[in-house]
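S.K.:
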Amino acid sequence: MLEASRQWRVAGRSIGLVPTMGALHAGHMRLVEMARAENDVVVVSIFVNPIQFGPNEDLGRYPRDLKRDDELLAKAGVDAIFVPEVRAMYPPESSTRVHVGGVSEPLEGSARPGHFEGVATVVTKLFAAVEPDRAYFGQKDAQQVAVVRRLALDLDLGVEIRVVPTVREADGLALSSRNVYLGTAEREAATILSKALREGAAAYAAGERDPDRLRVLLLARLGSEPLVEVEYAEVVDPATFRKPGSLAVMAVRIGKTRLIDNHDLALPFLG
Ligand code: PAF
55 MLEASRQWRV AGRSIGLVPT MGALHAGHMR LVEMARAEND VVVVSIFVNP
105 IQFGPNEDLG RYPRDLKRDD ELLAKAGVDA IFVPEVRAMY PPESSTRVHV
155 GGVSEPLEGS ARPGHFEGVA TVVTKLFAAV EPDRAYFGQK DAQQVAVVRR
205 LALDLDLGVE IRVVPTVREA DGLALSSRNV YLGTAEREAA TILSKALREG
255 AAAYAAGERD PDRLRVLLLA RLGSEPLVEV EYAEVVDPAT FRKPGSLAVM
305 AVRIGKTRLI DNHDLALPFL G
């Protein structure tokens, strides 16, 4: 991959990278569109990164459909698809991990120990392999965005981190490759996340600024859905993921599926 990138660079062409784990949906395609609009060359990586999954998580059953992904990306005019092998990314002798302090610790960081270390490590490796000018991430994974921004700044990676708004279904559910796990009743119950965020934004617009009271409101709404087990709901600063701030972030379990969502309550909720 690096050789192709170097040739593009010598030819003066800017490179946009969209890192993905495949099972592409309209949210990913929005990242690709934005990358297409802002760069001469677009590279999409597809790599289900084993080291960002915990031992009891869904690595084994994570959806994979490379043929369909290839077709979608060809239609979208992507220049190259980078699909590294696990043994090429992590040969047995490799022993380096990238740990981003601070922002990677609360919320998703404590719910999923090692997750952000896995993300930061693979993102660093993908940046090294592609040498992009810009890299594209979805706002859906808000804490991942904050971790990757910190990483790029702290290690002077020279990559501009671009963030693309969450794409939602008509009923508000944020698109995620994991939505395919939901049964019919669970899928219905999953709309509670966007309902809670909409209510939070309405309360904020009506003048509520206290992160604890906003949190209680979000928890009450999420808790009103019997199929939902709430992991956390918080209103935090989007760069540090500590209070105070206006970014509402939440994680729930519905059956075996874990879902996250977020919204900056200072903005109207349009989903
Ligand atoms: O958001 C994802 O799909 C993954 O965490 C990423 C950024 C591709 C790293 O594996």
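Take the sequence shown: its position 16, counting from 1, is numbered 70 in this note's numbering, and each next residue is one higher.
Note that beta-carbon positions come from the ideal geometry of N, C-alpha and C, so glycine has one too.
Note down, in chain order, each residue of its chain lying with its Cβ closer than 6 angstroms to the Cβ of A89, except the 5 sequence neighbours on either side.
M.R.: Reading the sequence shown from its first residue, position 35 is the one you call residue 89. For A89, where only same-chain residues beyond five positions count, the Cβ hits under 6 angstroms are G70, V72, V96 and Y190.
S.K.: Between the Cα of R67 and the Cα atoms of E111, E185, G237 and T245, which residue gives the shortest distance?
M.R.: Along the sequence shown, read from residue 1 onward, the residue named residue 67 stands at position 13. Nearest of E111, E185, G237 and T245 to R67, Cα basis: E185.
S.K.: Pull up the distance between the alpha-carbon of Y116 and that of H82, whole angstroms please.
M.R.: Sequence index remark: in the sequence shown, residue 116 carries index 62 (1-based). Sequence index remark: in the sequence shown, residue 82 carries index 28 (1-based). Straight-line Cα distance between these residues: approximately 16 angstroms.
S.K.: What's the C-alpha gap between D119 and R263?
M.R.: Walking along the sequence shown from the start, residue 119 turns up at place 65. Walking along the sequence shown from the start, residue 263 turns up at place 209. Straight-line Cα distance between these residues: approximately 44 angstroms.
S.K.: Measure the C-alpha to C-alpha separation of K332 and K249 and round it to an integer number of angstroms.
M.R.: This structure gives no information on residue 332, because the portion of the chain shown stretches from 55 to 325.
S.K.: Since D208 is in the beta strand (DSSP E), which residue starts that stretch and which ends it?
M.R.: One-based indexing of the sequence shown puts residue 208 at position 154. No beta strand (DSSP E) holds D208; the alpha helix (DSSP H) holding it covers A196 to D208.
S.K.: Is P73 near the ligand PAF - that is, is its Cβ less than 6 angstroms away from at least one heavy atom of it?
M.R.: Looking up residue 73 in the sequence shown gives position 19. P73: yes, Cβ under 6 angstroms from the ligand PAF.
S.K.: Say whether the region 94-108 touches the region 226-246, bearing in mind that this needs 3 or more beta-carbon pairs closer than 8 angstroms, one atom from each stretch.
M.R.: No, they do not touch.
S.K.: Buried or exposed: which applies to D123, given that a residue is buried once 16 or more other Cβ atoms fall within 10 Å of its Cβ?
M.R.: Locating residue 123 in the sequence shown gives position 69, where the first residue counts as 1. By the 10 Å Cβ count, D123 comes out buried.
S.K.: Taking one C-beta from the region 214-230 and one from the region 290-299 each time, how about it: are there three or more such pairs within less than 8 angstroms?
M.R.: No, the region 214-230 is not in contact with the region 290-299.
S.K.: According to DSSP, simplified to helix, strand and coil, what is H79?
M.R.: Counting from 1 along the sequence shown, the entry for residue 79 is found at position 25. H79: coil per DSSP, three-state reduction.
S.K.: The beta strand (DSSP E) that contains P73, what's its start and end?
M.R.: Sequence index remark: in the sequence shown, residue 73 carries index 19 (1-based). I69 to T74 is the span of the beta strand (DSSP E), which, as asked, contains P73.
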